[in-house]
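Working notes, beginning with the structure itself.
Protein chains in written order, with UniProt numbering: chain A, 1 to 345; chain B, 1 to 316.
So, in structure tokens, the structure goes:
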């Protein structure tokens, strides 16, 4: 069933905005509503074309009015985010994530027109620890329940979504657990992290990182909206990069920090407004996380176009990250040494 | 010779992969091989390896196994230990299949898990297919900084059914030491007495994936660090399962940490098939217990047999 009226939350950010733009470009969709607390940046607004922007706070019951008066039949909840807006943004972020979702779901429950709900969640709901299996499937639950931050928000959000699904069994609910996004255009904690000239890591740990290209993320969200594919799906690119390997591929310098000094260093980077890592993201840098995407490929019918490595390379090239040591220089040095060695033959 | 197996001395696939890697670095391997001395080829390999590492140009699987690093950095230091120090002799290596999933189940001993490393090295170097052994390790290994990261890069993963089944169903050779800390940290007087074999989780993983179980008996590892005492208070303080006292450790300090040069035998037994029990065999606890016992008995009997054949701990 193709949706007639689509409401997208979080349109002032990359995913929500570009998603609204894709729906606006689709002639089958009659009306596209984009909701956020602040208007999207101008270039994003231009891209969104005929999509209408509604400046509303999803924490406010007003959202129910928007949904019922516009006869919204499909809601795409893409505003759950891991990126706090500023140094004090973490409380606001939590409210937006959790209270916002509750309000939105309440509004959806009230409106009989709503037929479909697509939720952008995260693989952070699996947590990250040494006692976890190497690869998570959708039916696994975390060994250590995330106690704070974005991961906890996401666990709570998914709980409310499940509750909504029980109360409105007529609504198709698709929950998408995304791995970390990467790409030349998207701005996340991770893209800022890898762009640092010297990248701090935790000494003695090397996380396995699975990434998803932002274009693939958009395609998955679009597919979930356009088709009826209820269920919970892990979404991530094929393959894995080790954190140290990713830093090398980006041509950055790795700075291992003893785990006792990690809070101090993290605090420094936060106050310098470079990268704002929450404790659960710090844990992610220790252990990493890999999800199984068999269900995505077999049942959801989508295979990511970029592997983790390709997506990361695309990000490195797109951002124009210059390696500290030019690969050409390395290759030249290698040839030079071999030439010298050949003389001693 | 009806039951004899053909074991090719060189695995064509692996040789091809080797050659492909050389082509990357050396444009004409055939010409160079005749003209260049051995040390120069080694230098070429070393430089190519350094360049790959510097650029992050290598593959890591979803468990964190870094084949490039394992073959070039982690494995080579084990060679002198394997060949010169313990003079390991493998028996029945042809019981390890050339391809496809299989579960290696072995006894565990020696205070420090050198037996696991030696088994892995033995298969990687002496088995015609040079297969990497994917060990299942305790949570403690992966919680420890440096060690945990290295263990993952070397192909080990957490001992849990999800990981074991995933590895086995993707056709990997998986190694498990079901005695765990009870086996490796047992006092010297209990040497070669198999401890409890867990809950049989490894058997149900093999049953679910239908792969053969290969019982492996290791003789010699018990004597490398004869554990005559255990300082429980210190172990609790450091978060270790035990704190070993051997005749030389901690008495001689770091010198006491040198393992005794016992002579080792690693015998790979006949594979036990698990694909003959039907669909839901893993849900039959009695079958799982029986199979667990069968594997345990096989290893114990082989250990006794090997011990009666052994005349001297150090000379074999």
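Where is the CB? At the ideal position from N, CA and C, for every residue including glycine.
- Message: Quick check on residue 331 of chain B: does DSSP put it in helix, strand or coil?
- Response: Nothing can be reported for residue 331 of chain B: it is not among the residues displayed for chain B, which extend from 1 to 316.
- Between the Cα of residue 212 of chain B and those of B/96, B/77, B/69, B/264, spot the shortest distance and give me the residue it belongs to. B/96
- Query: Along chain A, which residues have their Cβ under 7 angstroms away from the Cβ of residue 146 of chain B?
  - Reply: From the beta-carbon of residue 146 of chain B, the residues of chain A found nearer than 7 angstroms are 204.
- Query: Can residue 23 of chain A and residue 35 of chain A be called in contact, C-beta distance under 9 angstroms?
  - Reply: At a Cβ-Cβ threshold of 9 angstroms, residue 23 of chain A and residue 35 of chain A do not count as neighbours.
- Is the stretch 216–227 of chain B in contact with the stretch 252–262 of chain B, if contact means three or more CB pairs nearer than 8 angstroms? yes
- Item | Reduced DSSP category for residue 252 of chain B - H, G, I as helix; E, B as strand; rest coil | Three-state DSSP puts residue 252 of chain B in coil, outside helix and strand.
- Put residue 145 of chain A into one of helix, strand or coil per three-state DSSP. Coil.
- Item | Reduced DSSP category for residue 51 of chain A - H, G, I as helix; E, B as strand; rest coil | coil
- Message: Does residue 323 of chain A pass the burial test, meaning 16 or more other C-beta atoms within 10 Å, or should it be called exposed?
- Response: buried
- Query: When the Cα atoms are used, what is the spatial distance from residue 167 of chain A to residue 71 of chain A?
  - Reply: 20 angstroms
- Identify whether residue 138 of chain A lies in helix, strand or coil by the three-state DSSP scheme. coil
- Item | Rounded separation between residue 11 of chain A and residue 61 of chain B - CA only | 36 angstroms
- Query: Residues bridged to residue 31 of chain A by DSSP?
  - Reply: A/5
- Item | residue 140 of chain A at chain B interface by Cβ criterion, 9 angstroms | yes
- Item | Uninterrupted alpha helix (DSSP H) stretches inside the stretch 150–238 of chain B (no shorter than 4 residues) | For the stretch 150–238 of chain B, whole alpha helix (DSSP H) runs of length 4 or above, ordered along the chain, are 161–169, 181–184, 201–209, 232–238.
- Task: Can you have a look at residue 285 of chain B and say buried or exposed, based on whether 16 or more other CB atoms are within 10 angstroms of its CB?
- Result: By the neighbour-count definition (other C-beta atoms within 10 Å, threshold 16), residue 285 of chain B is an exposed residue.
- Task: List the endpoints of the continuous beta strand (DSSP E) containing residue 328 of chain A.
- Result: Counting along the chain, residue 328 of chain A falls outside any beta strand (DSSP E), though it belongs to the alpha helix (DSSP H) covering 327–343.
- Cross-chain neighbours of residue 249 of chain A in chain B, by beta carbon under 9 angstroms: 55, 56, 57
- Task: Measure the Cβ-Cβ separation of residue 247 of chain B and residue 314 of chain B and say whether it is below 9 angstroms.
- Result: no
- According to DSSP, what are the bridge partners of residue 289 of chain A? A/209
- Message: Here's the rule I'm using: 16 or more other beta-carbon atoms within 10 Å means buried, otherwise exposed. How should residue 304 of chain B be labelled?
- Response: Answer is exposed; the Cβ neighbour count stays below 16.
- Option nearest residue 302 of chain B by Cα separation, candidates B/215, B/271, B/196: Across the set B/215, B/271, B/196, the C-alpha of B/215 shows the shortest separation from the C-alpha of residue 302 of chain B.
- Item | Host beta strand (DSSP E) of residue 136 of chain B (start-end) | 133–137
- Nearest CA to the CA of residue 309 of chain A: which residue from A/303, A/260, A/238, A/259? Sorting A/303, A/260, A/238, A/259 by C-alpha distance to the C-alpha of residue 309 of chain A places A/238 at the top.
- Cβ-based neighbour list, residue 160 of chain A, same chain, cut-off 7 angstroms, excluding 5 preceding and 5 following: Correct list, in chain order: 101, 102, 105.
- Task: Drop a sphere of 10 angstroms on the beta-carbon of residue 75 of chain A, count the other beta-carbons inside from all chains shown, and report buried for 16 or more, exposed for fewer.
- Result: buried
- For residue 328 of chain A, count neighbouring Cβ atoms within 10 angstroms of its own Cβ and tell me buried if that reaches 16, exposed if not. exposed
- Straight-line gap, residue 26 of chain B to residue 330 of chain A (C-alpha atoms, nearest Å): With a pLDDT of only 45 at residue 26 of chain B, under the threshold of 50, the placement of this residue in the model should not be trusted, and no figure is reported.
- Message: One question on the structure: do residue 97 of chain A and residue 81 of chain A come within less than 9 angstroms of each other, judged by their Cβ atoms?
- Response: yes
- Message: Could you compute how far the alpha carbon of residue 174 of chain A sits from the alpha carbon of residue 107 of chain A?
- Response: Here the C-alpha atom of residue 174 of chain A lies approximately 17 angstroms from the C-alpha atom of residue 107 of chain A.
- Item | CB contact below 9 angstroms: residue 162 of chain B versus chain A | Chain A has a Cβ within less than 9 angstroms of the Cβ of residue 162 of chain B.
- Item | Proximity winner among B/126, B/129, B/67, B/113, relative to residue 140 of chain B (alpha-carbon distances) | B/113
- Query: Using the C-alpha atoms, what's the distance from residue 210 of chain A back to residue 240 of chain A?
  - Reply: Distance between the alpha carbons of residue 240 of chain A and residue 210 of chain A: 5 angstroms.
- With a CB to CB cut of under 8 angstroms and the five nearest residues on each side skipped, what residues in its chain are close to residue 24 of chain B? Confidence at residue 24 of chain B is low in this model, with a pLDDT of 49, below 50, so its placement is unreliable and no value can be given for it.
- Item | Contact list for residue 330 of chain A against chain B, beta-carbon separation under 9 angstroms | Contacts between residue 330 of chain A and chain B, judged by CB atoms closer than 9 angstroms, involve 50, 51, 54, 55 in chain order.
- Query: Comparing alpha-carbon positions, which option in B/199, B/144, B/126, B/311 lies nearest residue 282 of chain B?
  - Reply: B/199
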